[in-house]
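Written out as structure tokens, the structure reads:
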């Protein structure tokens with residue numbers, strides 16, 4: 012359906028809810044990746060930064076997989 016209107020999209024479909032995603036860049040098992048913090052030492056893999064092609068074939072590092080890790084509390 013196409014709507015031709017001057018009314019903003021947010022008023023028609025409703026405003027999208029703002030979600031607070033906390034992303035971090037971490038290294039787990041020698042593989043650098045971006046993760047979404049789920050709390051309680053768990054994180055969901057968002058993307059891999061690794062240059063090693065074998066890391067992309069490892070199902071444990073597939074995007075969406077939940078991993079356990081200890082966040083680094085030391086900030087430089």
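In the numbering used here, the protein residues as written are 12 to 87. Cβ atoms here follow ideal geometry from the backbone N, Cα and C, with glycine treated the same way.
Check: So the candidates are 69, 18, 56; which of them puts its Cα closest to the Cα of residue 36?; Outcome: 56
Check: Out of 53, 46, 80, point me to the one whose CA is closest to residue 60's CA.; Outcome: 46
Check: Would you mind sorting residue 44 into buried or exposed? The rule is 16 or more other CB atoms within 10 Å of its CB.; Outcome: buried
Check: Spell out the partners DSSP gives residue 42 in its beta bridges.; Outcome: 39
Check: Indicate whether at least one CB of chain C lies closer than 8 Å to the CB of residue 69.; Outcome: Structure shown: chain C not included; a single protein chain is present.
Check: At the level of alpha carbons, what is the spacing between residue 18 and residue 77?; Outcome: 41 Å
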